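**Student:** Here this note's numbering runs 61 ahead of the position in the sequence shown, where the first position is 1.
We treat Cβ as the ideally placed atom computed from N, Cα and C, and that holds for glycine.
Since we're looking at a predicted model, the values are computed, not measured.
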Amino acid sequence: NAVFIGYLKGGTIKNLTLEQLSVANTGTNTGGLVGYTTGSTIEFCRVESGAVNGTTNVGGLVGYQYSGKIVACSNGANVNGSYYLGGIEGRSNSGYIIGCYNTGTIQKLTSEWSSGGICGYSIYTQTKGCYNTASGGNYAIVGDSRTVSSYYFASNYWSSSHSAAM
62 NAVFIGYLKG GTIKNLTLEQ LSVANTGTNT GGLVGYTTGS TIEFCRVESG AVNGTTNVGG
122 LVGYQYSGKI VACSNGANVN GSYYLGGIEG RSNSGYIIGC YNTGTIQKLT SEWSSGGICG
182 YSIYTQTKGC YNTASGGNYA IVGDSRTVSS YYFASNYWSS SHSAAM
């Protein structure tokens with residue numbers, strides 16, 4: 062993990078703003094704020110500018126979230142990597158992403174549909190009330206998901222075209 066906080070278990074981060082990030086990692090779970098989090102809550106946090114570079118599970122805020130909440134957060138940093146890239150988080154399992162938005166560019170290095178404006182890869186994560194206006198990409202809300210239903214995705218918006226959109 063290469064980030065501000067490498068591992069967060071059961072904690073809460075609130076009202077934090079990061080500017081002009083320069084995060085680089087050759088491993089997995091890279092985020093501007095947290096690399097890997099489980100059972101935690103992140104609220105009202107912002108990454109305003111900079112770049113987050115990694116390989117797999119790369120997010121503007123969080124690299125990998127398991128069973129946690131990200132609420133009312135935003136990302137403006139550019140996110141670069143190979144697999145599972147997202148403006149808010151790279152990969153999420155059994156969590157919540159509520160009322161978040163991304164304006165940072167998502168630059169995927171492979172041709173797979175593994176990148177999203179909010180989350181790159183989602184498994185049983187509720188993603189609601191989010192939006193993405195990133196330019197230079199094909200990125201809707203979630204790039205790839207094991208769960209496609211209105212229970213998991215509702216009231217989201219994206220401004221770019223994406224044929225595999227969620």
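Does the Cβ of tyrosine 162 lie closer than 7 Å to at least one heavy atom of the ligand NAP?
**Tutor:** The ligand NAP is not part of this structure, which contains no ligands at all.
**Student:** Which residues bound the beta strand (DSSP E) around isoleucine 66?
**Tutor:** 66-70
**Student:** List the endpoints of the continuous beta strand (DSSP E) containing glutamine 81.
**Tutor:** Neither: glutamine 81 is in no beta strand (DSSP E) and is coded neither H nor E.
**Student:** Which residue wins for smallest C-alpha separation from serine 176, given the options Ile159, Gly190 and Asn139?
**Tutor:** Asn139
**Student:** Can you tell me whether DSSP reads isoleucine 202 as helix, strand or coil?
**Tutor:** Coil.
**Student:** Starting from glutamate 104, follow the beta strand (DSSP E) in both directions and report where the run begins and ends.
**Tutor:** 102-104
**Student:** Please confirm whether asparagine 136 and glycine 124 have their CB atoms less than 8 Å apart.
**Tutor:** no
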